[in-house]
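Peer 1: Could you have a look at this structure, given as structure tokens, before my questions?
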Amino acid sequence: MKKVCVISLGCPKNTVDSEKIIGVAGDSNYAISPVPDDSDFVIVNTCAFIKPAVLEAKRMISRLKKLKEKRNFKLIVAGCLVARNFETLFNDIDIDGIIGPYDIDRLSNVLSEIESGKRVLMNQSAKIKNYCTIPRIVSTWPYAYLKITEGCSNRCSYCTIPLIRGELFSYSEKEILKEAEFLFNSGIKELIIVGHDITAYGRDTHKSNLCKIVRGIIKIGFPWIRLMYLHPAGITDDLLDLIKNSPQICKYLDVPVQHSCPEILKNMNRPVIDYRKFFERIRKSVPGIALRSTVIVGFPGETDKIFKHLVDFVTDVRFEKLGIFTYYREKNTPASMMKWQVPEEIKKERFVLLRKIQKKISKEIASSFTGQILDVLIEGRKNGICVGRTQRDAPDIDWSVKIKGRCEPGEIVKVAITKSFYYSLEGIIV
């Protein structure tokens with residue numbers, strides 16, 4: 019039996035794509051290998067959202083091309099880099115196949131054709147309407163991501179997503195619920211609902227909306243349900259009431275604001291609102307909610323005064339977690355053509371300063387949990403120490419909890435927090 023290795027780069031949305039690539043390969047009678055060394059096919063599912071992601075993908079492809087010389091496998095490049103750099107990959111004869119983000123359902127034919135000696139090159143732009151029904155092997159148990167939308171129509175001026183993934187496309191409510199049931203029956207304890215902007219779900223079809231689909235998922239019975247990647251304009255009172263009154267929904271929101279200054283927000287094509295009042299409203303509506311956001315420093319036109327506006331905002335709002343990025347001038351985006359581009363050294367200085375401020379805030383918030391008893395989902399165990407997360411923490415990007423005591427992966431246990439650190443907690447099972 020021929021072996022396929024899938025290497026997944028990038029965000030949770032890409033993780034779902036990779037799991038479906040593995041699922042299709044498995045259903046096509048290929049064995050799945052965790053490493054490329056003994057594989058017949060190596061598929062690298064790439065990210066290309068910003069320059070660092072593109073560089074990571076190119077470095078991985080370069081390493082695999084060198085390994086291919088020794089191991090003689092077929093190399094297939096998939097995902098966002100294909101959509102963004104198709105011509106460059108097309109001209110690289112060391113790559114045996116390239117498939118775009120919307121070619122996953124054709125993978126079985128792709129593997130067969132490459133196995134017969136053909137070079138396969140495709141990048142269709144049409145979305146996969148039955149995406150949720152594609153076979154899938156979950157790689158992240160005891161949690162899993164559920165993608166409910168594809169693409170984005172918000173048109174933020176710095177963002178490449180519409181160029182790579184196209185306009186918003188909402189998957190069928192019926193098929194989403196069917197995939198959610200499959201994940202529940204697979205033993206998933208935490209379902210994480212993702213999309214480039216999940217608040218936009220149903221906006222293109224006018225047949226459903228985020229609250230409706232979440233209510234349907236609640237009925238399935240997951241212990242935890244997490245909502246990630248929410249555009250500020252989509253945070254409705256109905257959504258906040260649903261979060262507040264549904265015990266299964268994690269009291270956690272990931273709402274990227276990107277900046278605080280009205281002038282910068284306008285140029286970003288983002289909602290120009292008073293974000294202090296916005297987050298006050300969320301905290302008042304859902305007491306005790308954990309807030310994560312994302313900001314960009316060094317956007318064109320960001321003066322020292324404007325950056326101070328952002329610093330004061332972050333200091334005042336006190337996010338539990340904050341993703342901080344320097345602005346990347348991405349080709350073919352409106353922001354790349356704007357005047358007053360900020361020098362790289364200034365971007366880096368601002369990044370370091372803001373990260374230092376947020377680190378202090380996160381550390382202070384973490385210390386406030388010492389002495390509290392929190393529910394923790396156990397993800398693994400190593401050297402007698404269990405590692406898990408609270409409802410206030412998303413996988414990979416947020417805090418973890420190290421626990422002394424007997425527990426098994428997949429359990430949700432009550433933990434008394436005894437110590438706190440920057441981005442981690444320690445505790446004992448009670």
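In our numbering, the protein residues as written are 19 to 448. Note that the Cβ used here is the ideal one computed from N, Cα and C, for glycine as well. Keep in mind the model is a prediction, meaning the values are calculated, not measured.
(1) Could you check the C-alpha separation between lysine 237 and arginine 373 for me, to the nearest Å?
(2) What does a CB cutoff of less than 7 Å around aspartate 114 pick up in its chain, not counting 5 residues either side in sequence?
(3) For the stretch 340-408, which segments carrying the beta strand (DSSP E) assignment without a break, of at least 3 residues, lie completely within its bounds, in sequence order?
(4) What beta strand (DSSP E) runs, 3 residues minimum, are completely inside the stretch 212-248?
(5) Since leucine 85 is in the alpha helix (DSSP H), which residue starts that stretch and which ends it?
(6) Under 7 Å from any heavy atom of the ligand NAD, does the C-beta of valine 156 make it?
(7) Which residues mark the beginning and the end of the alpha helix (DSSP H) in which leucine 186 is found?
(8) Which ranges does the alpha helix (DSSP H) cover as unbroken runs of at least 4 residues, wholly within the stretch 244-284, from first to last along the chain?
(9) Does the Cβ-Cβ distance between proline 241 and glutamate 208 come in under 8 Å?
(10) When burial is assigned at 16 or more other CB atoms within 10 Å of the CB, is valine 290 buried or exposed?
(11) Indicate the three-state DSSP secondary structure (helix, strand or coil) for serine 36 in the structure shown.
(12) Report buried or exposed for glutamate 298, applying the criterion of at least 16 other Cβ atoms within 10 angstroms of its Cβ.
(13) Looking at C-alpha atoms only, which residue of Leu201, Tyr120, Tyr345 and Lys225 is the closest neighbour of aspartate 35?
(14) Do the CB positions of isoleucine 253 and isoleucine 210 come within less than 8 Å of each other?
(15) Just how far apart, CA to CA, sit glutamate 426 and valine 62?
(16) How big is the Cα-Cα spacing for arginine 154 and glycine 41?
(17) Going by beta carbon distance, what residues of the same chain come within less than 8 Å of glutamine 1, once the five residues before and after it are set aside?
(18) What number of angstroms, rounded off, separates the C-alpha of glutamate 281 from the C-alpha of lysine 366?
(19) May I ask you to verify whether the stretch 176-195 touches the stretch 138-149, counting CB pairs closer than 8 Å and requiring at least 3?
(20) Have a look at the DSSP bridge pairing and note the partners of cysteine 23.
(21) Rank Asp112, Thr158, Leu195 and Val128 by C-alpha distance to the C-alpha of asparagine 148 and give the top, closest one.
(22) When the Cα atoms are used, what is the spatial distance from glutamate 348 to arginine 173?
(23) Between which two residues does the beta strand (DSSP E) carrying isoleucine 435 extend?
(24) If distances are taken between C-alpha atoms only, which option among Gly28, Tyr48, Ile68 and Ser57 comes closest to alanine 96?
(25) Considering only their Cβ atoms, is the gap separating isoleucine 446 from lysine 420 smaller than 8 Å?
(26) Look at the alpha carbon of serine 264 and the alpha carbon of serine 303, and state the distance between them as a whole number of angstroms.
(27) CA-CA distance, methionine 355 and asparagine 90?
(28) Whole angstroms is fine: what's the gap from isoleucine 383's alpha carbon to lysine 21's?
(29) List the whole-angstrom C-beta distance separating arginine 99 from alanine 66, where the pair is believed to meet the contact cut-off of C-beta under 8 Å.
(30) My assumption, with CB atoms under 8 Å, is that tyrosine 441 sits in contact with serine 385. Please give the rounded CB distance.
(31) Less than 8 Å between the C-beta atoms of glycine 406 and valine 394, yes or no?
(32) Are the Cβ atoms of arginine 244 and cysteine 229 separated by less than 8 Å?
(33) State the DSSP-derived secondary structure class of serine 130, mapped to helix, strand or coil.
(34) Report the option in Lys69, His277, Lys262 and Thr158 whose CA atom is closest to the CA atom of lysine 326.
(35) Between the C-alpha atoms of arginine 294 and cysteine 279, what's the straight-line distance to the nearest angstrom?
(36) Beta strand (DSSP E) containing threonine 4: first to last residue?
Peer 2: In this structure, then:
(1) Residue mapping note: residue 237 aligns to position 219 of the sequence shown, counting from 1. Residue mapping note: residue 373 aligns to position 355 of the sequence shown, counting from 1. Approximately 40 Å, taken between the alpha carbons.
(2) In the sequence shown, the residue the question calls residue 114 occupies position 96. Closer than 7 Å at Cβ, skipping near neighbours: Lys92, Leu93, Ile94, Ile132 and Arg137.
(3) 391-400 and 403-408
(4) 242-245
(5) By 1-based counting over the sequence shown, the position of residue 85 is 67. Here the alpha helix (DSSP H) through leucine 85 covers 69-89.
(6) Ligands in the displayed structure: none, and consequently the ligand NAD is not present.
(7) Here residue 186 is taken as the residue at index 168 of the sequence shown, counted from 1. Where leucine 186 is concerned, there is no enclosing alpha helix (DSSP H), given that its DSSP letter is neither H nor E.
(8) 255-263
(9) Here residue 241 refers to the residue found at position 223 when the sequence shown is read from its first residue. Here residue 208 refers to the residue found at position 190 when the sequence shown is read from its first residue. Yes; because the gap between Cβ atoms is below 8 Å, this pair is in contact.
(10) Locating residue 290 in the sequence shown gives position 272, counting from the first residue. That one is exposed.
(11) Here residue 36 corresponds to residue number 18 of the sequence shown, with the count starting at 1. Note: serine 36 maps to helix in three-state DSSP.
(12) Working through the sequence shown from its first residue, we reach residue 298 at position 280. Exposed.
(13) Here residue 35 refers to the residue found at position 17 when the sequence shown is read from its first residue. Closest option to aspartate 35, Cα to Cα, is Tyr120.
(14) To locate residue 253, count along the sequence shown from 1; it is residue 235. To locate residue 210, count along the sequence shown from 1; it is residue 192. Contact: no.
(15) To locate residue 426, count along the sequence shown from 1; it is residue 408. To locate residue 62, count along the sequence shown from 1; it is residue 44. About 32 Å.
(16) For the purposes of this step, residue 154 is taken as the residue at position 136 of the sequence shown. For the purposes of this step, residue 41 is taken as the residue at position 23 of the sequence shown. CA-to-CA, the gap between arginine 154 and glycine 41 works out to about 4 Å.
(17) Not covered by the structure: residue 1. The range shown for the chain is 19 to 448.
(18) For the purposes of this step, residue 281 is taken as residue 263 along the sequence shown, with counting starting at 1. For the purposes of this step, residue 366 is taken as residue 348 along the sequence shown, with counting starting at 1. Spanning the two alpha carbons is a distance of roughly 21 Å.
(19) yes
(20) Within the sequence shown, residue 23 is the residue found at index 5, counting from 1. Answer is Ser51 and Val60.
(21) Mapped onto the sequence shown, residue 148 falls at position 130. Here the closest residue by C-alpha is Leu195.
(22) Residue numbering aside, residue 348 sits at position 330 when the sequence shown is read from its first letter. Residue numbering aside, residue 173 sits at position 155 when the sequence shown is read from its first letter. Spanning the two alpha carbons is a distance of roughly 14 Å.
(23) As a working note, residue 435 is residue 417 in the sequence shown. Going by DSSP, isoleucine 435 is part of the beta strand (DSSP E) stretching over 430-439.
(24) As a first step, residue 96 is located in the sequence shown; it is residue number 78 there, counting from the start. It is Gly28 whose Cα lies nearest to the Cα of alanine 96.
(25) Working through the sequence shown from its first residue, we reach residue 420 at position 402. Working through the sequence shown from its first residue, we reach residue 446 at position 428. Not a contact, by the Cβ cut-off of 8 Å.
(26) Here residue 264 refers to the residue found at position 246 when the sequence shown is read from its first residue. Here residue 303 refers to the residue found at position 285 when the sequence shown is read from its first residue. Approximately 13 Å, taken between the alpha carbons.
(27) Numbered from its first residue, the sequence shown carries residue 355 at position 337. Numbered from its first residue, the sequence shown carries residue 90 at position 72. Computed Cα separation, rounded: 44 Å.
(28) Along the sequence shown, read from residue 1 onward, the residue named residue 383 stands at position 365. Along the sequence shown, read from residue 1 onward, the residue named residue 21 stands at position 3. The alpha-carbon atoms of isoleucine 383 and lysine 21 are separated by roughly 47 Å.
(29) Along the sequence shown, one-based indexing puts residue 99 at 81. Along the sequence shown, one-based indexing puts residue 66 at 48. Sequence check: residue 99 is leucine here, not arginine. Contact flag correct, Cβ pair sits at about 4 Å.
(30) Translated into positions along the sequence shown, residue 441 becomes position 423. Translated into positions along the sequence shown, residue 385 becomes position 367. The Cβ separation is near 12 Å, so there is no contact.
(31) The residue you call residue 406 lines up with position 388 of the sequence shown. The residue you call residue 394 lines up with position 376 of the sequence shown. The Cβ-Cβ distance between glycine 406 and valine 394 falls below 8 Å.
(32) Numbered from 1 along the sequence shown, position 226 holds the residue referred to as residue 244. Numbered from 1 along the sequence shown, position 211 holds the residue referred to as residue 229. With respect to the 8 Å criterion, arginine 244 and cysteine 229 are not classified as neighbours on the basis of their beta carbons.
(33) Residue 130 sits at position 112 when you count from the first residue of the sequence shown. Looking at serine 130 - three-state DSSP - the assignment turns out to be helix.
(34) Numbered from 1 along the sequence shown, position 308 holds the residue referred to as residue 326. Comparing alpha carbon positions, the residue from Lys69, His277, Lys262 and Thr158 closest to lysine 326 is His277.
(35) The sequence position of residue 294 within the sequence shown is 276, counting from 1. The sequence position of residue 279 within the sequence shown is 261, counting from 1. The straight-line gap from Cα to Cα measures roughly 11 Å.
(36) There is no way to answer for residue 4, as the model of the chain reaches only from 19 to 448.
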